[in-house]
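All the letters of the sequence shown, read from the start, carry residue numbers 4 to 798 under the working numbering. Where is the CB? At the ideal position from N, CA and C, for every residue including glycine.
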Amino acid sequence: MSEHAPAAPNDCPIQDAFPFRTQFTFEYLLDYWRAVDPASPFRHIFDARIKPLIDGNHPLLDPDKAQDALKQFPEAIADLMSIAFSPAQSATTIAAARPISDYLPFYVTDSYRAYFGDAMDKVPLEELEGVAYRVLLFIYSCILKEYYDFEVFYDSSMIVSFREPGDGLLKYFSTAIDDRFARVIMVSPPPELGPEEKKLLSENLNDTTLLMKLIPPSHFEIRGFSIVNKTDVTAQEIVSEIKRALLDKDSILKRENYQRLQDLIRSLLRKPRVILSLAAVHHDRVLELSEAPVHCATPDCIYRDSSHHELSFFAGSIFEKAAGQRAPFFVNDLEDYCAGEAHGDADAKLLAKGAKSVLVQSLYLEDRFLGQCVLSAPEPYAFDPLNLMKMNDVFPLFALVIAHALEDFDNEVQTIIQGNFTSIHPAIEWRFRRAAMNLIDHHADEGGGQIEPILFDGVYPLYCTSDIRGSSTQRNAAIQEDLRSHLALVRAIIDSASAHRALPILDEFRFRIDAFLGELAGGLVSGDEIEIMQFLKREIEPSFDDLRGFGADTAAGVDDYYSRLDAESGTLYHRRRDFDESVDLINKSISAHLDRVQPEAQAMFPHYYDKNTTDGVDQNMYIGASLCEDGRFDRMYLRNLRLWQLMTLVAVARLTHELQPRLKVRLETTHLVVVQDMPLTLVFKTDEKKLAVEGAYNIRYEIMKKRIDKAVVKDTGERLTQIGRIAIVYSQASEAAEYRRYIEFLTERGYLEGEVEEFVLDDLQGIKGLRALRVGINLAATEQADNLVEMFRSA
């Protein structure tokens, strides 16, 4: 039988500080032997080994000589310890027997020796100190239960770790004390404890200083020996360590935390040269994290602290193949794989770094693909599915921490966007997001910087308007009528007051009121409303409190006057309310319809869109390659959007036509399209917080949009826009030809009707050479047109 006594250390913290008297003895081990059933086959084996020791009065069995004899009789110790550990147990149980006051074991199992050998330098100081502390607590828990009737349960187990020599991989063990062969013996009566002392102890059972003060160790002796059992819990503990680490997003952002994660994974898989890489997918880019962050010494952002690749970099690679499955994707020999199959640039890069074995695990949060966790090793066949089952609980946590890091980054990007831009149309948000990301990069590299210019070259404009015809005239008429009614109410009060008391000032009031009424009869002139309201508010209404006292009918007239005024504006607001509500109904109906159908247009092809509401609704759309994140564009989509714009105007015209019975003031709409086939440039104006057209020629287009609603036909002076018709303004013959095709198609489908008119327009200020087409809108019920209106009604 092999020798099981390891070499002694130079010093032992337990031995130096152990406060109890101890006596080493095998007495309780022999009691265990004696309790074995004589009929048991094990008893026969034990007897053959133990009886000769007893009959020969072996020194190991003499309590006064036993501890000194431990180093002299390793084979006899092995025979004695076979009572506690059979040969089979010795091969599988990690255990060591030691004196109570000494960490140095006098016997170790074969399994213990396989893990730790004979050297004590594998045992960390913190474990020695931890065991010493737990031994004391264990002894005092026994004393408190046996001699002071305390209900104490103490678990002496602890988790300890050490690194294996050579490869440096971590090992974790659960260590527990087996006290079957030890006893606490009272050598003198211990002090009694009063209620206050018991209360103090019960609240501080882990305070060894207090325990030794109230119950001095000198009253007890510890006899026998203890066994320390160890259980390898490396896999469980490392998985728990990884889980704890990944609860913090900085675990993948800070260098030391990332390296700690890699170290834990190496120890978990027992592969000392495994490299951990993480890839997070963010829109059109892949952010790659490795153990050496790219930019910052103190990283805090997944974008700043990663290398960036376009998605195309991974085309045809193992990473692209792995992205299509949730199970791990293995390449056992990357060199052979790349030699035998088509591979991508990402594979070649990995091979150039010396990787031979590769595992790619795609990371999902529910159904959202977030990126990949990549493990690589410089030797082939480094990974196997059974070993990697240990990572099953870890991969989802990598997905979670990447999701949190991406969310934090997106929040930072949004903060920059909100600080530098206004609300951004979703179709072009990508460009502002990219500018914010570039600013973050610039901050990381140079510690500062400004947001880069945002511009879109070569975009095609599409403008149309649905205008309320004669809205200014109708508004003035409503104001005029309300002012006349308002003045009439005031005149009635003045007449009533004059009937009670003849005051010259009342005659002067009446004179001015009549003068205003006379002016209004000729029409509303700029400034009339302000002048009249100032007269009423500054001169007439302040006198009403006194006029109330002239007579009951005058007081009733004043009360009636105030009851008729609008509480918010303080004016008579009857006809204007009818007009404003009618305009508001038209505008809201058109806007709601456009909001309903715009997403469908975006789904056809992304484009910039905004609308402006005044007396009607103007629509601006821009489409082109520079507005698309992937730069993909074809003129087919421009033609499609132009056709869709015409169809939408038909729907708007039918909608406003059907609103007529609900309008308190009859209002009609006209519809106009401006065509420009010459692309222009949009630039974001940081001072105005909006997109604007750039360049002298392009600004001509903006001027034309503002003035075109006043356009008239050359020679006749007829307004171009007419109720029930769509006008299309252009400057090039090719533009007219294109729109004639659309008109022909929409006429056949029942959207438009009648002959197409063609006009030359009078020159506008700064704008010459404009021409126009005009065609009737089919406002009658047709299946195609009804579908558009029904789409709005169901919204």
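Span of the alpha helix (DSSP H) around K324: Looking up residue 324 in the sequence shown gives position 321. Counting along the chain, the alpha helix (DSSP H) containing K324 begins and ends at I321 to A326.
Identified DSSP bridge partners for R807: The question about residue 807 has no answer here: the residues shown for the chain are numbered 4 through 798.
Counted within 10 angstroms of its Cβ, other Cβ atoms place I188 as buried (16 or more) or exposed: As a working note, residue 188 is residue 185 in the sequence shown. With fewer than 16 Cβ atoms within 10 Å of its Cβ, I188 is classed as exposed.
Where L314 falls, given that 16 or more other Cβ within 10 Å makes a residue buried: As a first step, residue 314 must be located in the sequence shown, where it is residue number 311. Flag for L314 reads exposed.
C376 (DSSP reduced to helix, strand or coil): As a working note, residue 376 is residue 373 in the sequence shown. The answer is strand: DSSP assigns C376 an E or B state.
For L140, the nearest candidate out of G560, A502 and T212 (CA to CA): Along the sequence shown, read from residue 1 onward, the residue named residue 140 stands at position 137. L140 has its Cα closest to that of T212, out of G560, A502 and T212.
Buried or exposed by the 16-neighbour rule on C-beta atoms within 10 Å, applied to L250: On the sequence shown, position 247 is the one that residue 250 refers to. Exposed: under 16 other Cβ atoms inside 10 Å.
Buried versus exposed, by CB contacts within 10 Å (16 or more), T617: Taking the sequence shown and counting its residues from 1, the one referred to as residue 617 is at position 614. With fewer than 16 other Cβ atoms within 10 Å, it is exposed.
Exposed unless 16 or more other CB atoms sit within 10 angstroms - verdict on I53: On the sequence shown, position 50 is the one that residue 53 refers to. With 16 or more Cβ atoms within 10 Å of its Cβ, I53 is classed as buried.
CB-CB length for Q622 against L597, believed under 8 angstroms: Indexing the sequence shown from 1 puts residue 622 at position 619. Indexing the sequence shown from 1 puts residue 597 at position 594. Right, the Cβ-Cβ distance comes to about 7 angstroms (below 8 angstroms), so this counts as a contact.
Beta-carbon separation (whole angstroms), V462 vs G627, contact threshold 8 angstroms: Within the sequence shown, the letter at position 459 stands for residue 462. Within the sequence shown, the letter at position 624 stands for residue 627. Between G627 and V462 the Cβ distance is about 4 angstroms, and since that is below 8 angstroms, they are a contact.
Whole-angstrom distance between E200 and V190, CA atom to CA atom: Within the sequence shown, the letter at position 187 stands for residue 190. Within the sequence shown, the letter at position 197 stands for residue 200. Their backbone Cα atoms lie some 22 angstroms apart in a straight line.
Meets three-Cβ-pair contact criterion under 8 angstroms: the segment 391–410 and the segment 580–597: In short, these stretches do not touch, since the Cβ pair count stays below three.
Under the three-state DSSP convention, the category N60 falls into: Start at 1 with the first residue of the sequence shown, and residue 60 comes out as number 57. Three-state result, N60: coil.
Meets three-Cβ-pair contact criterion under 8 angstroms: the segment 714–729 and the segment 761–773: yes
Cβ shell of L214 (< 6 angstroms), same chain only, five flanking positions each side left out: On the sequence shown, residue 214 is found 211 positions in, with the first residue counted as 1. Cβ neighbours of L214 beyond the five flanking positions: Y143.
Host alpha helix (DSSP H) of D348 (start-end): Here residue 348 corresponds to residue number 345 of the sequence shown, with the count starting at 1. Counting along the chain, the alpha helix (DSSP H) containing D348 begins and ends at D348 to A355.
Per-residue burial, R371 [other beta carbons within 10 Å of its own, 16 or more giving buried]: Translated into the one-based positions of the sequence shown, residue 371 becomes position 368. Exposed is the call here.
Continuous beta strand (DSSP E) stretch holding C467: start and end: By one-based count along the sequence shown, residue 467 stands at place 464. It spans L458 to I471 - the beta strand (DSSP E) in which C467 sits, taken as one unbroken run.
Proximity below 8 angstroms, CB of D712 to CB of T468: As a first step, residue 712 must be located in the sequence shown, where it is residue number 709. As a first step, residue 468 must be located in the sequence shown, where it is residue number 465. Between D712 and T468, the C-beta spacing is below 8 angstroms.
Among G552, R541 and D548, nearest to H503 - alpha-carbon criterion: Within the sequence shown, numbered from 1, the residue matching residue 503 stands at position 500. Closest option to H503, Cα to Cα, is G552.
Endpoints, the beta strand (DSSP E) within which Y175 is located: Taking the sequence shown and counting its residues from 1, one reaches residue 175 at position 172. It spans L173 to D181 - the beta strand (DSSP E) in which Y175 sits, taken as one unbroken run.
Outcome for Y565 when other beta-carbon atoms lying within 10 angstroms are tallied against a minimum of 16: Within the sequence shown, numbered from 1, the residue matching residue 565 stands at position 562. With fewer than 16 other Cβ atoms within 10 Å, it is exposed.
For R533, the nearest candidate out of R638, P62 and F519 (CA to CA): Here residue 533 is taken as the residue at index 530 of the sequence shown, counted from 1. Note on residue identity: the sequence assigns Ile, not Arg, to residue 533. Of R638, P62 and F519, the residue nearest in Cα terms is F519.
The segment 632–644 touching the segment 599–618, judged by at least three CB pairs closer than 8 angstroms: yes
Exposed unless 16 or more other CB atoms sit within 10 angstroms - verdict on G343: Counting from 1 along the sequence shown, the entry for residue 343 is found at position 340. It is exposed - the Cβ of G343 has fewer than 16 other Cβ atoms within 10 Å.
Pairwise C-alpha distance: F687 and D470: Along the sequence shown, one-based indexing puts residue 470 at 467. Along the sequence shown, one-based indexing puts residue 687 at 684. About 28 angstroms.
Cβ contact (3+ pairs, closer than 8 angstroms) linking the segment 244–264 and the segment 329–340: no
The segment 310–326 in contact with the segment 353–364 per 3-pair CB rule at 8 angstroms: yes
Segments assigned beta strand (DSSP E), at least 3 residues, entirely inside the segment 74–125: As far as the segment 74–125 is concerned, its whole beta strand (DSSP E) runs of at least 3 residues are 97–102.
Selected residue, minimal CA-CA separation from P609, among K257, C631, P168 and N615: Your numbering for residue 609 matches position 606 in the sequence shown. Of the candidates K257, C631, P168 and N615, C631 places its Cα closest to the Cα of P609.
Which residues DSSP lists as bridging H610, in chain order: Translated into positions along the sequence shown, residue 610 becomes position 607. Per DSSP, none; premise fails for H610.
Complete beta strand (DSSP E) runs within the segment 257–302 (minimum length 3 residues, chain order): 278–285 and 288–292
Residues that H312 bridges to, as DSSP identifies them: If you number the sequence shown from 1, residue 312 lands on position 309. BP columns for H312 point to V289.
Residue closest to L32, alpha-carbon to alpha-carbon, out of D67, D65, A87 and Q26: Along the sequence shown, read from residue 1 onward, the residue named residue 32 stands at position 29. The residue from D67, D65, A87 and Q26 with its alpha-carbon nearest to that of L32 is A87.
Per-residue burial, E449 [other beta carbons within 10 Å of its own, 16 or more giving buried]: Position 446 of the sequence shown, counted from the start, is the residue given in the question as residue 449. Reliability of the predicted coordinates at E449 is poor, the pLDDT of 49 falling under 50, and the value obtained from them is presented with this limitation in mind. Residue burial annotation: E449 is exposed, with fewer than 16 other C-beta atoms found within 10 angstroms of its C-beta.
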